[in-house]
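Residue numbers for the sequence shown follow this note's numbering, so the first one is -19 and each next one is one higher.
To keep things clear, I will list the structure first and then write my remarks on it.
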Amino acid sequence: MKLGVIGCGYWGPNLVRSAVETNRCSQIFCCDPSPAALARVLRRFPCVSPVEHLDDIIHRCDALVVATPVSTHYDIAKRILERGKAVLVEKPLAISSLQARELAELAGDKDLTLMVGHTFVYSPAVRKVKEYIRDGILGDIYFLSSSRVNLGIHQKDIDVLWDLAPHDLSILLYWLEENPSCVSAIGRSCVGSLPDIASVHYRFPSGILANLEVSWLAPSKLRRTVLVGSRSMLIYDDTNLAEKVKLYDKGVDLRTPESFGEYQLTYRTGEIVSPNLSATEPLLIEINHFLDCVESGAQPETDGQTGLNVVLALEAASNSMRSNGQVMTIDYCAVPAPMPAAELAQAPPEFVPPTLP
Ligand SMILES: NC(=O)c1ccc[n+]([C@@H]2O[C@H](COP(=O)([O-])OP(=O)(O)OC[C@H]3O[C@@H](n4cnc5c(N)ncnc54)[C@H](O)[C@@H]3O)[C@@H](O)[C@H]2O)c1
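The structure is reproduced here in structure tokens:
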């Protein structure tokens, strides 16, 4: 298979490296308008062939990977699909649900592979947690709380929500197998004009609550999700290389009262289990999965519809952030009016805490 990687900035070279490691591509092409970015990739991977124009790389390849700024995803992916080629688009799929829906529908109509680079869904640690949830080890999930913060690179075209929250959302949707029904979010633009910190609260139809904290302004890197269930609790810490998942036999049980008015809670503290996990890099699994899907025509696990659902959840959180945290319901069927990119990039109003009675 001839594979093309479009965009060779920060993330593109990782995709090239993984594609080389699969040993399944007869040729790998790269395209980037920045000569410096292209030169860096060619120095690192002499086997890669540079291509100057977008249309040329699309013409030469069977499948393409898009790792360009988010605001360019829609135009590039649409061009690829219109020319009948398979595409893996980096997260998030597009900058609006209108664009994401159009891409998902175009891929469906043309029976082409459209995959979204929700890399963490392919992580052995995330898969292990899914296994625990599916097997009922955690019981009924009550809530999840996630922190994805560090001194991150301020993106030019998207805010911190659209940069970091796609990771948490794609993981949540994969684990819970349901889409959030409503959201409330607040954020602040501390440096520059785009929000660089945000606190987002989702509610799922089953009643599960999920709190996401995303920030480009933090002294150290956190990639930590806590899951609390009726039977046990769990911490998934992606920065902990030795023990990414820890399962805690901890919880609180409400005993059936023996007499009227009697009310008793019992606290459980048992063992902590840290499962053995495969060390395979998620990105390598992701690229192999993309190549499998292109070859077999199978639907990718993180397909266009998944990408659209993540974008819908992000869009609703953005709307809430602009409305000072107002709760927004998420409609998965409605076709929203197109939102100009300039409006998407608008800073939210300063958060005004509600006055307590
Ligand atoms: N899956 C992950 O874990 C992960 C991690 C980081 C970034 N990403 C995603 O990867 C994408 C790229 O992010 P980045 O941090 O590498 O951005 P970046 O700005 O560092 O790189 C983008 C590159 O795209 C090039 N480019 C711009 N327009 C182009 C066009 N029309 N054709 C070809 N190349 C073009 C730019 O010159 C630049 O070199 C984003 O969607 C981001 O969200 C994903």
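Glycine residues also receive a C-beta, built at the ideal position from the N, C-alpha and C atoms.
Ranges of the beta strand (DSSP E) found wholly within the stretch -17 to 40, counting only runs of at least 3: The qualifying runs are 7 to 11.
Whole-angstrom C-beta distance between V(-4) and C10, which should lie under 8 Å: Contact check for C10 and V(-4): beta-carbon distance about 7 Å, within the 8 Å limit, so the pair qualifies.
S169 versus L271, S161, S179, residue with shortest Cα-Cα distance: S169 has its Cα closest to that of S179, out of L271, S161, S179.
Simplified DSSP state of C313, which is helix, strand or coil: Correct three-state label for C313: coil.
CA-to-CA distance, E62 to Y122, given in whole angstroms: Taking the CA atoms as reference points, Y122 sits about 44 Å from E62.
Proximity test, Cβ basis, 9 Å: P255 and chain B: This model lacks chain B altogether; it includes just one protein chain.
Status (buried if at least 16 other CB within 10 Å, exposed otherwise) for I341: Outside the displayed span of the chain (-19 to 337) sits residue 341, for which this structure offers no information.
Completely contained beta strand (DSSP E) runs for the stretch 208 to 247, where each covers 3 or more residues: Those beta strand (DSSP E) runs which fall completely within the stretch 208 to 247 and span 3+ residues are 213 to 217, 225 to 235.
Any non-hydrogen atom of ligand 1 closer than 8 Å to K201 Cβ: No, the beta carbon of K201 sits no closer than 8 Å to any heavy atom of ligand 1.
Given 8 Å, three or more beta-carbon pairs between the stretch 297 to 316 and the stretch 135 to 146: Of all C-beta pairs linking the stretch 297 to 316 to the stretch 135 to 146, three or more are shorter than 8 Å, placing the two stretches in contact.
Option in L202, C5, L118, L156 with minimal Cα separation from I252: By alpha-carbon distance to I252, the top candidate from L202, C5, L118, L156 is L118.
Residue of L192, A165, D176 minimising C-alpha distance to S150: The shortest CA-to-CA distance from S150 to any of L192, A165, D176 is the one to L192.
C-beta atoms of P(-1) and V21 nearer than 9 Å: Going by the sequence as given, residue -1 is Ala instead of Pro. Not in contact: A(-1) and V21 (Cβ atoms no closer than 9 Å).
Same chain, Cβ closer than 6 Å to G(-11), five either side skipped, listed in chain order: Spatial neighbours of G(-11) in its own chain (CB-CB distance under 6 Å, excluding positions within 5 residues in sequence) are listed in chain order as A17.
Candidates R81, P72, S164, of which the one nearest A190 by Cα: Cα-wise, what sits closest to A190 is S164.
Cβ-Cβ separation, S212 to D233 (assumed contact under 8 Å), whole Å: Contact between D233 and S212 does not hold, since their C-beta atoms are separated by about 12 Å, which reaches or exceeds 8 Å.
A66 versus E1: straight-line alpha-carbon distance, rounded: If you take the alpha carbons of A66 and E1, they lie about 20 Å apart.
Proximity winner among Y182, I265, I177, relative to E158 (alpha-carbon distances): Nearest C-alpha to E158: Y182.
For S126 and L202, the rounded distance between their alpha carbons: Roughly 9 Å between the two C-alpha positions.
S161 Cβ short of 8 Å to ligand 3 heavy atom set: Ligands in the displayed structure: ligand 1; ligand 3 is not one of them.
Distance cut-off 8 Å: P255 Cβ against heavy atoms of ligand 1: Not so, every heavy atom of ligand 1 lies at least 8 Å from the Cβ.
Beta-carbon gap between I38 and R59 smaller than 9 Å: With respect to the 9 Å criterion, I38 and R59 are classified as neighbours on the basis of their beta carbons.
Unbroken beta strand (DSSP E) run spanning S127, endpoints: Boundaries of the beta strand (DSSP E) around S127: 121 to 129.
C-alpha gap between L245 and T48, whole angstroms: Cα to Cα, L245 sits roughly 53 Å from T48.
S14 beta carbon near ligand 1 (any heavy atom closer than 8 Å): Proximity of the beta carbon of S14 to ligand 1 is indicated: a heavy atom of the ligand is located closer than 8 Å.
Assumed close pair G64, L92 - CB separation to whole angstroms, cut-off 8 Å: Confirmed, Cβ separation roughly 7 Å.
Alpha carbon of K226 to alpha carbon of S195, nearest angstrom: In this model, K226 and S195 are separated by some 24 Å (Cα to Cα).
Boundaries (first-last residue) of the beta strand (DSSP E) holding H181: DSSP places H181 in the uninterrupted beta strand (DSSP E) bounded by 177 to 183.
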